[in-house]
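Asks: Take a look at this one; I'll ask things after.
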Amino acid sequence: MFISTRNPQDRRTYRRAIFQGLAPDGGLYVPEEWQDHTDLFRGLSPDMSFQEMAGEITAAILSREIRPEQARALAKKAFFFEPQLKALDENITLLELFHGPSCAFKDFGASFLAASMEFFLEGESEPAVILTATSGDTGSAVAQAFHNRKNIEVVILYPSGRVSPLQEKQLTTLGGNIQALEIDGSFDDCQRMVKEAFLDADLQDKLHLTSANSINLGRLLPQSFYYIFARVKTGLNSGIPFRFCVPSGNFGNLTAGLYAWKWGLPVDKFIAATNRNDVVPQYLFSGEFDPRPSVATYSNAMDVGNPSNFERMLHLFNRNWKAMRSLMSGYSVTDSETLELIGDFYRRRNHFLDPHTAVGIHAVKRFLYGRAGSREMGTNVVLSTAHAAKFTETVEKATGKKPTIPPQLQKPMEKEKKALSMGADMGELKQYLIDTYR
Ligand SMILES: *Cc1c(COP(=O)(O)O)cnc(C)c1O
Numbered sequence: 017m018f019i020s021t022r023n024p025q026d027r028r029t030y031r032r033a034i035f036q037g038l039a040p041d042g043g044l045y046v047p048e049e050w051q052d053h054t055d056l057f058r059g060l061s062p063d064m065s066f067q068e069m070a071g072e073i074t075a076a077i078l079s080r081e082i083r084p085e086q087a088r089a090l091a092k093k094a095f096f097f098e099p100q101l102k103a104l105d106e107n108i109t110l111l112e113l114f115h116g117p118s119c120a121f122k123d124f125g126a127s128f129l130a131a132s133m134e135f136f137l138e139g140e141s142e143p144a145v146i147l148t149a150t151s152g153d154t155g156s157a158v159a160q161a162f163h164n165r166k167n168i169e170v171v172i173l174y175p176s177g178r179v180s181p182l183q184e185k186q187l188t189t190l191g192g193n194i195q196a197l198e199i200d201g202s203f204d205d206c207q208r209m210v211k212e213a214f215l216d217a218d219l220q221d222k223l224h225l226t227s228a229n230s231i232n233l234g235r236l237l238p239q240s241f242y243y244i245f246a247r248v249k250t251g252l253n254s255g256i257p258f259r260f261c262v263p264s265g266n267f268g269n270l271t272a273g274l275y276a277w278k279w280g281l282p283v284d285k286f287i288a289a290t291n292r293n294d295v296v297p298q299y300l301f302s303g304e305f306d307p308r309p310s311v312a313t314y315s316n317a318m319d320v321g322n323p324s325n326f327e328r329m330l331h332l333f334n335r336n337w338k339a340m341r342s343l344m345s346g347y348s349v350t351d352s353e354t355l356e357l358i359g360d361f362y363r364r365r366n367h368f369l370d371p372h373t374a375v376g377i378h379a380v381k382r383f384l385y386g387r388a389g390s391r392e393m394g395t396n397v398v399l400s401t402a403h404a405a406k407f408t409e410t411v412e413k414a415t416g417k418k419p420t421i422p423p424q425l426q427k428p429m430e431k432e433k434k435a436l437s438m439g440a441d442m443g444e445l446k447q448y449l450i451d452t453y454r
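Numbering of the sequence shown is given in this note's numbering, commencing with residue 17 and proceeding in unit increments.
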């Protein structure tokens, strides 16, 4: 079962937790107890595909709710793309998580959530309506993940003229069960409208409204799978120090890694890499958590001043700073360090890095080379969270060259935009939802 971080009495199944999203008390859903999955991890073979491993892990963590063969089928539907491990040198390996439909790691969480919802909605008479606002990037992972899922309708609000042309195409060219609403207003207007819709008792009554936010338990849990995958593929019992370095913003990705560790995956250290939005590294250093407004950086998907998953991290460590510090190290990387690393990498290896991955590599190098006399360099896996072509401007600034655009990003540019224009008005949104989905 799963409980709210703010109320252990709010116990729910996975199914109820994912359709709820955020707990009514504002908390986040977390596992109620920590099962030991050491035997499961030992039973995974390096020859298995990601999809196969994901099926076994899903079967174990949701064993009280779904049957093993259903779990395997769910993982199979979700993961039609794989992570890839690329060794940079004998100590540092990249775990590339950008080979999915939107070319960023969020595809893993979004796709598993979508497959989960589809699974639980089978045979229901009424479709679920997913309502979400986006300032650009997150919406495309959600749209792609839910595209053509049965019994699910998706409505995405985005601010007119304020998302990049590529992002707009990604949101507006899928069609089918994905409806884009182009709002004459700001991202804040879009968010306000979505919030108001969820608070509207009449709408709640008439439609099965639900969300797919990044804090959703159904997006968090599957992110633990690729930590397990990477550990198994690099030799589960290698006997040398093993660390993960995670470029972080809202800290969902890193929290999922901590979950894998808590289930018994052998990991010696998690390195939290941030840009100048470094409240978590600061906390690890001083014990003080001091959230503040975010500042803009080149690694903009990590521009978060008050990471929501910090609540899950505190819960996991029972608010014990020392315990968290013994497992985690934090590093903050500047924009100029990020540019320099991207440039250096390109010149020496002819390899394009995206700014988020560059932050991670910079952090792991500081960890490894900053410690005098450390003989045990060990195995260090850096999560590579996005394809360089998603951040062409920054990459070009650093290297003087444009990375090649992969086909899944190129294709939407050739399609025709289909969006419905709407004012920043809740009444209009409500009427539209009722007329269309009721
Ligand atoms: C969302 C995102 C991150 C940050 O992940 P969190 O789970 O929010 O810490 C890092 N890199 C990229 C490319 C992202 O899209």
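Quick reminder that beta carbons are idealized off the backbone N, C-alpha and C, glycines included. Computed from a predicted model, the values in this text were never measured in an experiment.
Compare the Cα-Cα distances from F15 to each of T109, F162 and T188 and report the closest residue.
Replies: Lying before the first or after the last residue shown, residue 15 is absent from the chain, which here runs from 17 to 454.
Asks: If you draw a straight line from the C-alpha of S342 to the C-alpha of L357, how long is it?
Replies: 28 Å
Asks: Could you give the uninterrupted runs of the alpha helix (DSSP H) lying entirely in the stretch 111–149, keeping only those of 4 residues or more?
Replies: 122–137
Asks: May I ask whether a heavy atom of ligand 1 can be found less than 7 Å away from the beta carbon of M344?
Replies: M344 Cβ: outside cutoff for every heavy atom of ligand 1.
Asks: Among K417, S118, V320 and Y45, whose alpha-carbon lies nearest the alpha-carbon of F361?
Replies: K417
Asks: Using 10 angstroms around the beta-carbon of N334, count the other beta-carbons present and answer buried if the total reaches 16, otherwise exposed.
Replies: Answer is exposed; the Cβ neighbour count stays below 16.
Asks: What first and last residue would you give for the alpha helix (DSSP H) that runs through Y362?
Replies: Its alpha helix (DSSP H) spans residues D351 to R365.
Asks: Relative to ligand 1, is the shortest distance from any of its heavy atoms to the C-beta of A317 smaller than 7 Å?
Replies: yes
Asks: Apart from the five residues just before and just after K92, which ones in its own chain have a Cβ nearer than 8 Å to its Cβ?
Replies: Q67 and G71.
Asks: Among all the DSSP beta bridges, which residues are the ones paired with K285?
Replies: K285 pairs with R259.
Asks: Sorted by chain position, which residues of the same chain lie with C-beta nearer than 8 Å to E432's C-beta, five sequence neighbours on each side aside?
Replies: If we look at E432 and ignore the five residues flanking it on each side, its Cβ neighbours are T189.
Asks: Sorted by chain position, which residues of the same chain lie with C-beta nearer than 6 Å to S127's C-beta, five sequence neighbours on each side aside?
Replies: A94 and A161
Asks: Between A404 and the rest of its own chain, which residues show a CB-CB distance below 7 Å, the 5 nearest in sequence each way excluded?
Replies: Excluding positions up to five away in sequence, the list reads F368, L369, D370, V411 and P419.
Asks: Under 8 Å, do F241 and I73 count as touching if we go by C-beta distance?
Replies: Note that the C-beta distance between F241 and I73 is below 8 Å.
Asks: Could you have a look at M429 and say whether DSSP puts it in helix, strand or coil?
Replies: helix
Asks: Distance check for V170 and R308, CA to CA, integer angstroms please.
Replies: 32 Å
Asks: Secondary structure at I244, three-state DSSP: helix, strand or coil?
Replies: helix
Asks: Please state if the CB of L187 and the CB of M429 are separated by a distance shorter than 8 Å.
Replies: In this structure, L187 does not lie closer than 8 Å to M429 by Cβ.
Asks: Quick one: using the 10 Å Cβ neighbour count with 16 as the cut-off for buried, is L215 buried or exposed?
Replies: exposed
Asks: Once you ignore the five residues that flank R328 on each side, which residues in its own chain have a CB closer than 7 Å to its CB?
Replies: T21, L44, V46 and T271
Asks: Mind checking which residues open and close the alpha helix (DSSP H) that includes H378?
Replies: P371 to Y385
Asks: Helix, strand or coil for S302 per DSSP?
Replies: helix
Asks: Comparing the C-beta of K122 with each C-beta of chain D, is any distance below 8 Å?
Replies: Structure shown: chain D not included; a single protein chain is present.
Asks: So the beta strand (DSSP E) E198 belongs to, where does it begin and stop?
Replies: Unbroken beta strand (DSSP E) run through E198: I194 to D200.
Asks: Taking 7 Å as the cut-off, is the C-beta of S264 nearer than that to any heavy atom in ligand 1?
Replies: yes
Asks: Among E98, A76, F97 and R80, which has the Cα closest to the Cα of R88?
Replies: A76
Asks: Applying the 10 Å Cβ sphere with the 16-neighbour rule, what's the burial state of I256?
Replies: exposed
Asks: What are the complete alpha helix (DSSP H) segments, minimum 4 residues, inside the stretch 200–231?
Replies: 203–215 and 217–222
Asks: Between which residues of its own chain and I34 is the CB-CB distance below 7 Å, once the five residues before and five after are set aside?
Replies: L129, S132, M133, N232, L233 and G234, listed in sequence order.
Asks: Along the chain, where does the beta strand (DSSP E) that runs through A435 open and close?
Replies: From DSSP, the beta strand (DSSP E) with A435 extends over A435 to G439.
Asks: Pick out whichever of L173, E138, L330 and E81 has its Cα sitting closest to the Cα of A435.
Replies: Among L173, E138, L330 and E81, the Cα nearest to that of A435 belongs to L173.
Asks: Span of the alpha helix (DSSP H) holding Y45?
Replies: DSSP places Y45 in no alpha helix (DSSP H) but in the uninterrupted beta strand (DSSP E) bounded by Y45 to P47.
Asks: List the endpoints of the continuous alpha helix (DSSP H) containing F18.
Replies: Taken as a continuous stretch (DSSP letters only), F18 belongs to no alpha helix (DSSP H), being part of the beta strand (DSSP E) at F18 to S20.
Asks: Cβ of F241 within 7 Å of any heavy atom in ligand 1?
Replies: no
Asks: Going by beta-carbon coordinates alone, are N167 and N396 separated by less than 8 Å?
Replies: In this structure, N167 sits away from N396, with a CB-CB distance that is not shorter than 8 Å.
Asks: Can you find a heavy atom of ligand 1 that lies under 7 Å from the Cβ of F286?
Replies: no
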